[in-house]
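Colleague:
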Amino acid sequence: METRELRYFVAVAEELHFGRAARRLGIAQPPLSRAIDRLERRLGAALLERTSRMVGLTEAGSVLLREARAALDAVEAAERRTRRAALAAAGGGAGVVLVTKAGAAGELLAKLLDAYAAEPGAVTVDLLLCGPGEQERLLRDGRADVALLHRPFDSTTGLDTEELRTEGQVVVLPGGHPLATRTHVRMAEVADLPGLPMPRWPDRDGAYPDGPGPRVRDHTQLLQLVALGRTCWVAPESCRERLTDDLAAVPVVDAPPVTTVIAWPPHSRSRAVAGLVRVATRL
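By numbering that gives the first Met the number 0, the letter at position 3 of the sequence shown is numbered 2, and the numbering carries on one by one without gaps.
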């Protein structure tokens, strides 16, 4: 399979419409249709179900969509990391890019950056802050060299990792809420809180899931909505570091623990990444 064919297929699979996919790719629809037909013949499998009114994915098509996204991410990662290596060889700096979710693991991150900067031979660490769930994608597609991820929310499949910290979770509530004085709550109570539906985050395509909760884009907006009594937030215990006086955090005793890990591609041979990982595990 060619990467061009995979890009064509991903566009059709995500749009579920040949016309929209062709416009997105900047090509005419007939060559796009022919390319998908060739791909299906080569694989010996129907990838799409076509009718006069709709396009859908077959089971084989769903598998290829997942695999094609991973393959294209790997190609982009190879391109980006190769360019960075060439830049470093030309004297443009050999720093390391660390990606983390904005607002997460703040104290741990600060300690890590300070401790690494004091190491002999430390290089510049470029910090890339992103929205929830984006760290993994940025690491896999080569825009970052190393990431702080949080299990079970982020997948670490295929990555090398070291565990740094495991902690419980709390529910963040408006300070005057009746539950704010409790010593603990359970997930069932949090899920049924009247007037405080769970927030909705966008997926990798920017689409929001259905539900009554408010749409949120970042943690600053989220905390403001909690303070206004529009939503609540279940988060790792360490989120207390950035809560203001008008918010309360109550432990959720049956919420799954959250483990912060430092992750990097298994084929990485970067001395800077290795040094950063060593410091993180020591801390």
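All C-beta atoms in this analysis are idealised placements derived from N, C-alpha and C, irrespective of residue type, glycine included.
Could you have a look at Glu48 and say whether DSSP puts it in helix, strand or coil?
Modeller: In the structure shown, Glu48 sits in a strand (DSSP, three-state: E or B).
Colleague: Residue ranges of each alpha helix (DSSP H) run of no fewer than 4 residues wholly in the segment 189-263, ordered along the chain?
Modeller: As far as the segment 189-263 is concerned, its whole alpha helix (DSSP H) runs of at least 4 residues are 218-226.
Colleague: Would you decide whether Gln223 is buried or exposed? Buried here means 16 or more other CB atoms lie within 10 Å of its CB.
Modeller: So Gln223 counts as exposed.
Colleague: Quick check: the segment 190-202 against the segment 263-276, are at least 3 beta-carbon pairs closer than 8 angstroms?
Modeller: Segments in contact, no.
Colleague: Could you name each continuous beta strand (DSSP E) segment of 3 residues or more that falls completely within the segment 2-85, going from the start of the chain to the end?
Modeller: Those beta strand (DSSP E) runs which fall completely within the segment 2-85 and span 3+ residues are 47-49 and 54-56.
Colleague: Leaving aside the five residues before and after Arg239 along the sequence, list all residues of the same chain whose C-beta is less than 8 angstroms from its C-beta, in chain order.
Modeller: Same-chain partners within the cutoff: Val169 and Ala248.
Colleague: From what residue to what residue does the beta strand (DSSP E) around Glu118 run?
Modeller: Segment: none, Glu118 is in no beta strand (DSSP E) and carries neither H nor E.
Colleague: CB-CB under 6 angstroms to Ala121, same chain, minus the five flanking residues each way: which ones, in chain order?
Modeller: Only Tyr115 meet the Cβ criterion.
Colleague: I'd like to check one pair, Arg185 with Asp245: are the Cβ atoms closer than 8 angstroms?
Modeller: Their beta carbons are not under 8 angstroms apart, which means Asp245 does not touch Arg185 by this criterion.
Colleague: What's the gap between the Cα of Pro193 and the Cα of Ala27?
Modeller: Looking at the two C-alpha atoms, the distance is approximately 51 angstroms.
Colleague: Of all the options Glu162, Leu148, Asp159 and Leu195, which has the alpha carbon lying nearest to the alpha carbon of Val171?
Modeller: Selected option, being the one with the closest Cα: Leu195.
Colleague: Nearest to Ala73 by alpha carbon, out of Leu15, Arg41, Arg142 and Thr50?
Modeller: Ranking Leu15, Arg41, Arg142 and Thr50 by Cα distance to Ala73 puts Arg142 first.
Colleague: If you check the beta carbons only, do Thr99 and Leu71 fall under 8 angstroms apart?
Modeller: No, Cβ-Cβ distance for Thr99 and Leu71 is not below 8 angstroms.
Colleague: On the DSSP letters alone, give me the boundaries of the beta strand (DSSP E) that Val145 sits inside.
Modeller: Where Val145 is concerned, the enclosing beta strand (DSSP E) stretches over Val145 to Arg150.
Colleague: Check this for me: beta carbons of Glu166 and Val257, under 8 angstroms apart or not?
Modeller: Yes, the Cβ-Cβ distance between Glu166 and Val257 is below 8 angstroms.
Colleague: Going by other Cβ atoms of all chains shown within 10 Å of its Cβ, with 16 needed for buried, is Glu66 buried or exposed?
Modeller: Counting Cβ neighbours within 10 Å, Glu66 comes out exposed, since fewer than 16 surround it.
Colleague: Taking the alpha-carbon of Leu47 as reference, which of Ala12, Gly157, Asp159 and His218 has the nearest alpha-carbon?
Modeller: Leu47 has its Cα closest to that of Ala12, out of Ala12, Gly157, Asp159 and His218.
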